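**Student:** Below you'll find the structure I mean.
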Amino acid sequence: MIASLAPRAFSVFERNVFVYRRQWLIIVTGFFEPLFFLLGIGYGVGGVIGTIPYGGVEVPYAAFVAPALLASAAMNGAIFDSTFNIFYKLKYGKVYDAILSTPVGVGDLAVGELLWSNLRGVIYATAFLVVMLAFGLVQSPLALLAPLAVVFIGFSFGAAGFAITTHMRSWKDFDFLFIVLTPLFLFSATFYPVEIYPGALRWIVELSPLTRGTHLVRSLCFGDLNLFMLVDIAYLSAISFIGYRHAVRRLGVLLLK
Amino acid sequence: MGMTNSASEPTALIRAQGLTKVFGARSAVDGIDFEVRDGEFFGFLGPNGAGKTTTMRMIAGVSPRTSGTLEIFGQDPDLHGSEIRGQIGVVHQQETLDMELTVRENLLIFGRFFGMERAAIATRADELLELFQLSDRAKDQVEPLSGGMKRRLSIARSLIASPRILMLDEPTTGLDPQARHLLWDALQRLKRGGTTIVLTTHYMDEAEQLCDRLVVMDQAKIVAEGSPRQLIVEHASREVLELRFPNGTESIDVKVLEGIGDRYERLAERVIIGCENGEAAHARALEHGLDPESWLVRRSSLEDVFLRLTGRTLDE
Amino acid sequence: MTAASSVAPNRTRSRLAAIREAAPHPTRWRHVVAYMISVYRREWQGSVFSGFIEPLVVLAGLGIGLGVLVGDKAAEITGGVSYVAYIAPALMASSAMNLATSEAAWPILARVAWVRIYHAMVATPLNAADVMVGAIAFIVGKVAFAAAFFAGVLLVTGIATSPTGALGMLGISVLTAFAFGAPMAAFSVTQKSDQGFAFLFRLIITPLGFFSGTYFPIENLPFAAQVLSWCTPLAHGVALSRSLALGTPVTYVWFHVGALLLWGIAGSIAAIYLFRKRMLK
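Chains as they are written, first to last, in the working numbering: chain Y, 109 to 365; chain B, -11 to 304; chain A, 37 to 317.
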């Protein structure tokens, strides 16, 4: 479908398929991280915690954590591709110069790269959903929509990551990325309900894009449809749009001198 | 070959008027006019930093111009960049091959960038690999290829969509003489096949060998235009006599030098004399009492033209 | 073989000479450390987060937050202290592992394969062993710095109960860094690209962080996993670090220390051997 709607962007996506046909094992290893978190925290620490209240009922801790890990797997899949890999291509590989000498333009380039980084997120999310099903952690058939919902997470983090990467000067700057990502992962209602935070702190946490993504996925996994899911989608879409626009503008500055 | 009926003016594929590009306070290209006609081999000759690459980038629609007009196939590259690039093959000065892909994959994915069908790309890719003698390296990674092979692959890649114009930025810089001649042959073949070729170079012999027409650029401006022969006739004499004086040339009388040929350049250990007939000039030099350690007569080259126009050699 | 026996004494002598040639010099490795420090002085900002701040972020994120959920049940596993106090000393050991392994990964690969500064070093009186000893010493020293900072925080917040305990924890972090940095260096000097690191970190280092008693007791794991866990260094580092912090009696102390030393020494020998092999190729 995308191939016929935006053939030039799709060809950029195809380039990554070529590259990763030989490196698929690297993609596979990325799947294990959320699994270890599920086993280590969800079951390991969960064994001590037992159940926690969610939506008025007591749910097993592992079932509470799993949707958040699914959401963050999508985030990680998208952001690592749109930061490290794109930085390499911008700075060292001269591939983008070659691509832009063809009919492909900067807009196509950004869309193609984002499609790819998003695919990684969707693959991780789907694989993790299978694990959740196998462990009996899925509470509602709506959970099957989770791999679709993570597209919003993938695009927002992919686009934001891409936009930030266009400002990076050297690999050293990536340390600052982790200064943001590690707390984002740990504090975004991933391992405990957002209600735990006192006062204003809670509202800061609510603004985290991963909190919104986690809320979206968790609602689906527990079959708890609510209007705030629309807020999640709108919020993540807005970040995607702003990130994309900025990335394209910066690509123009960097590559179309 | 290359000669057109004077009655019908050949169509211009690229036409620039007052083309200007300013970076901050520096003019990289300063109001140049030129035309590239269908089927010709056109060159931009000049030293590094003369504005050749910037001009090429503007033609390829990856560098918005500051002012002036530029038309490729009658269209403005700032407005129709994508359509124009669809009919142009570009070979960059620096290697821009995709190091994460194999030799053949580099061609395949480029075909996709041009929107070609997969089956058509595969046929064309194998054809090009054959033509550029890369078939036995098709499945290899790009990194370990030699410089000459990489350059051939870059050209093969730029031809994947059978472009009307092939643009090459300094295509033989860094190649050994043998690889260089192989490449020249390949380019001549392409031209005979009807492809319009635009290249930049700072090698005089390359411009002289390949180009039907060229412009000489210096400090963002075009300083001369014509065929290599025309330029030599216009700006240099037919032959050059070089006289060597290992003990220095300061003591030689100006009047003596003026009497030998049309003009002269006095260098540290050499005197270069432009003239109609080198042998005759040599005889005159001996008559005037000069006693060079050695001497040679050669045809004038673009090097002499450049020296004449800018007062500098290209290597400076 | 018959010919060999007649030159045996000679051969023993030359073998001894060969060993001396390959062995580290008692002091020359310090030049390598000096070089690393001069590089680090220019690039230190980059590792402040991964070395100093990240462990504290994880401590706050998992310790305090999960602590609320664990609540009173914490006593079941912690023997009475809070959950934060329970995981803090363990995180100190596991961040020593993280920092030591990543310092022994990309920086060493870069010097051996990309910028090839090691090639220049072994062209001087330094030999391969000096270079490896210096590289590992630098990594251990760097971890010691970060660990001292972390121990200071634990002391100030009262999580570490005594200054002697905090000092002991610092020693354990240094040992843990040695136990991970040396084998990791041995792996890095054999690599051509950094692809192998992705596997190593995602499939070994990450799970070790979870299943070495950091967040919950090893005894809660299935038996086979318990055995596996004790075969790796981190479990020993965590056990020692925790008892020192909480002031609980240390059981099997020499077993734990011995395991860490064994990994470090075996890793160092492997690193020297493999690095020499690569340099002399």
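Ideal placement from N, C-alpha and C gives every residue a C-beta, glycine not left out.
This one's a predicted model, so the numbers in the text were calculated from it and none came from an experiment.
(1) Measuring straight from C-alpha to C-alpha, what distance separates Y71(A) and A59(A)?
(2) For P285(A), would you say it is in contact with chain D, using Cβ-to-Cβ distances shorter than 8 Å as the test?
(3) Can you name, in chain order, every residue of its own chain whose Cβ lies under 6 Å from the Cβ of R125(B), other than the five neighbours on each side?
(4) In whole angstroms, what separates the C-alpha of I148(B) from that of S215(B)?
(5) Check the Cβ-Cβ distances between F30(B) and every residue of chain Y, and say whether any is below 8 Å.
(6) Determine whether the Cβ of I312(Y) lies closer than 8 Å to any Cβ atom of chain A.
(7) Based on the DSSP secondary-structure assignment, which residues constitute the bridge partners of W283(B)?
(8) The alpha helix (DSSP H) spanning T242(A) covers which residue range?
(9) Please state whether DSSP places G232(A) in a helix, a strand or coil.
(10) If we define contact as Cβ-Cβ less than 8 Å, is S248(Y) a contact residue for chain B?
(11) In terms of residue numbering, what span does the beta strand (DSSP E) encompassing I76(B) cover?
(12) Can you grab the Cα-Cα spacing for the pair W224(Y) / A218(Y), in whole Å?
(13) DSSP has K9(B) in a bridge; who is on the other side?
(14) Please determine if the stretch 119 to 127 of chain Y and the stretch 137 to 145 of chain Y are in contact, where contact requires at least 3 C-beta pairs separated by less than 8 Å.
(15) DSSP three-state call for V158(A): helix, strand or coil?
(16) From the DSSP output, read off the bridge partner residues of R258(B).
(17) At a Cβ cut of 7 Å, what residues of the stretch 200 to 231 of chain Y count as close to chain B, listed as they run along the chain?
(18) Is it the case that the Cβ atoms of H85(B) and V130(B) are separated by a distance below 8 Å?
(19) With burial defined as no fewer than 16 other Cβ atoms inside 10 Å of the residue's Cβ, what is the status of P211(Y): buried or exposed?
(20) Using the beta-carbon of each residue, which ones in chain Y are nearer than 7 Å to L98(A)?
(21) If I follow the unbroken beta strand (DSSP E) through K179(B), where does it start and stop?
(22) Using a Cβ-Cβ cut-off of 8 Å, state whether R358(Y) counts as contacting chain B.
(23) Please confirm whether E141(Y) has its beta-carbon closer than 8 Å to some beta-carbon of chain A.
(24) Would you call the stretch 269 to 278 of chain Y and the stretch 178 to 196 of chain Y in contact, with 3 or more CB pairs under 8 Å?
(25) Are the C-beta of V361(Y) and some C-beta of chain B separated by less than 8 Å?
(26) So the candidates are K228(A), L127(A), I175(A) and I305(A); which of them puts its Cα closest to the Cα of L92(A)?
(27) Quick test of your reading: T159(Y) and V167(Y), contact by CB under 8 Å. State the CB separation rounded to the nearest angstrom.
(28) Consider the Cβ of E112(A): report whether some Cβ of chain Y lies at a distance smaller than 8 Å.
(29) So, with DSSP's three-state summary, where would you put Y119(A)?
(30) Comparing the C-beta of M37(A) with each C-beta of chain Y, is any distance below 8 Å?
(31) Starting from the Cα of T298(B), find the closest Cα among I185(B), M205(B), S123(B) and A256(B) and give me that residue.
(32) What is the rounded straight-line gap between the Cα of V325(Y) and the Cα of V258(Y)?
(33) Does the stretch 275 to 285 of chain A touch the stretch 185 to 203 of chain A, meaning 3 or more C-beta pairs lie closer than 8 Å?
(34) Quick check on A54(A): buried or exposed, where buried means 16 or more other Cβ atoms within 10 Å of its Cβ?
(35) Given that F349(Y) touches chain A, what residues does it touch there, using C-beta distances under 8 Å?
(36) In chain order, what residues of the same chain have a beta carbon less than 8 Å from the beta carbon of K127(B), not counting five sequence neighbours either side?
**Tutor:** Quick answer:
(1) Looking up residue 71(A) in the third sequence gives position 35. Looking up residue 59(A) in the third sequence gives position 23. When rounded, the distance between both Cα atoms is 20 Å.
(2) In the structure shown, chain D does not exist; the protein chains are Y, B and A.
(3) Counting from 1 along the second sequence, the entry for residue 125(B) is found at position 137. So the list reads V91, once near-sequence residues are dropped.
(4) Residue numbering aside, residue 148(B) sits at position 160 when the second sequence is read from its first letter. Residue numbering aside, residue 215(B) sits at position 227 when the second sequence is read from its first letter. So the alpha carbons of these two residues sit roughly 30 Å apart.
(5) Taking the first residue of the second sequence as position 1, residue 30(B) is located at position 42. Judged by the 8 Å Cβ criterion, F30(B) is not in contact with chain Y.
(6) Within the first sequence, residue 312(Y) is the residue found at index 204, counting from 1. False, the Cβ-Cβ gap to chain A never drops below 8 Å.
(7) Translated into positions along the second sequence, residue 283(B) becomes position 295. In DSSP, W283(B) forms a bridge with L231(B).
(8) By 1-based counting over the third sequence, the position of residue 242(A) is 206. Here the alpha helix (DSSP H) through T242(A) covers T242 to F246.
(9) As a working mapping, residue 232(A) is identified with position 196 in the third sequence. Correct three-state label for G232(A): helix.
(10) Here the question's residue 248(Y) lines up with position 140 in the first sequence. S248(Y) does not count as touching chain B.
(11) Within the second sequence, residue 76(B) is the residue found at index 88, counting from 1. It spans I76 to V79 - the beta strand (DSSP E) in which I76(B) sits, taken as one unbroken run.
(12) Here the question's residue 224(Y) lines up with position 116 in the first sequence. Here the question's residue 218(Y) lines up with position 110 in the first sequence. Answer to the nearest angstrom: the Cα atoms are 10 Å apart.
(13) Position 21 of the second sequence holds residue 9(B). Paired residue(s): V17(B).
(14) no
(15) Position 122 of the third sequence, counted from the start, is the residue given in the question as residue 158(A). Of the three classes helix, strand and coil, the one that applies to V158(A) here is coil, per DSSP.
(16) Counted from its first residue, the second sequence places residue 258(B) at position 270. BP columns for R258(B) point to R232(B).
(17) G201, K202, V203, D205, A206, I207, L208, S209, T210, P211, V212 and G213
(18) Position 97 of the second sequence holds residue 85(B). Position 142 of the second sequence holds residue 130(B). Note that residue 85(B) is Leu in the sequence shown here, rather than His. It is a contact, given that the beta carbons lie within the stated cut-off.
(19) If you number the first sequence from 1, residue 211(Y) lands on position 103. So P211(Y) ends up on the buried side.
(20) Along the third sequence, one-based indexing puts residue 98(A) at 62. Under the 7 Å cutoff, chain Y gives L294 and F299.
(21) For the purposes of this step, residue 179(B) is taken as residue 191 along the second sequence, with counting starting at 1. Not the beta strand (DSSP E): K179(B) falls in the alpha helix (DSSP H), residues P165 to R180.
(22) Within the first sequence, the letter at position 250 stands for residue 358(Y). Closer than 8 Å: no.
(23) To locate residue 141(Y), count along the first sequence from 1; it is residue 33. Yes, its Cβ sits closer than 8 Å to a Cβ of chain A.
(24) yes
(25) Taking the first residue of the first sequence as position 1, residue 361(Y) is located at position 253. Cβ-Cβ to chain B under 8 Å: no for V361(Y).
(26) Mapped onto the third sequence, residue 92(A) falls at position 56. It is L127(A) whose Cα lies nearest to the Cα of L92(A).
(27) Here residue 159(Y) refers to the residue found at position 51 of the first sequence. Here residue 167(Y) refers to the residue found at position 59 of the first sequence. About 6 Å; that satisfies the 8 Å criterion.
(28) In the third sequence, residue 112(A) corresponds to position 76, counting from 1. At least one chain Y Cβ lies under 8 Å of E112(A).
(29) For the purposes of this step, residue 119(A) is taken as residue 83 along the third sequence, with counting starting at 1. Y119(A): helix per DSSP, three-state reduction.
(30) For this step, residue 37(A) is matched to residue 1 along the third sequence. Legend: pLDDT at M37(A) = 42, less than 50; position of this residue unreliable, value from coordinates given subsequently. No - not a single Cβ of chain Y is within 8 Å of the one on M37(A).
(31) For this step, residue 298(B) is matched to residue 310 along the second sequence. Cα-wise, what sits closest to T298(B) is M205(B).
(32) Here residue 325(Y) refers to the residue found at position 217 when the first sequence is read from its first residue. Here residue 258(Y) refers to the residue found at position 150 when the first sequence is read from its first residue. Distance between the alpha carbons of V325(Y) and V258(Y) is about 7 Å.
(33) yes
(34) The residue you call residue 54(A) lines up with position 18 of the third sequence. A54(A) should be labelled exposed.
(35) The sequence position of residue 349(Y) within the first sequence is 241, counting from 1. Under the 8 Å cutoff, chain A gives no residues; its nearest Cβ is about 30 Å from F349(Y).
(36) Along the second sequence, read from residue 1 onward, the residue named residue 127(B) stands at position 139. Excluding residues within five positions, the ones whose Cβ falls inside 8 Å are T90, V91 and R92.
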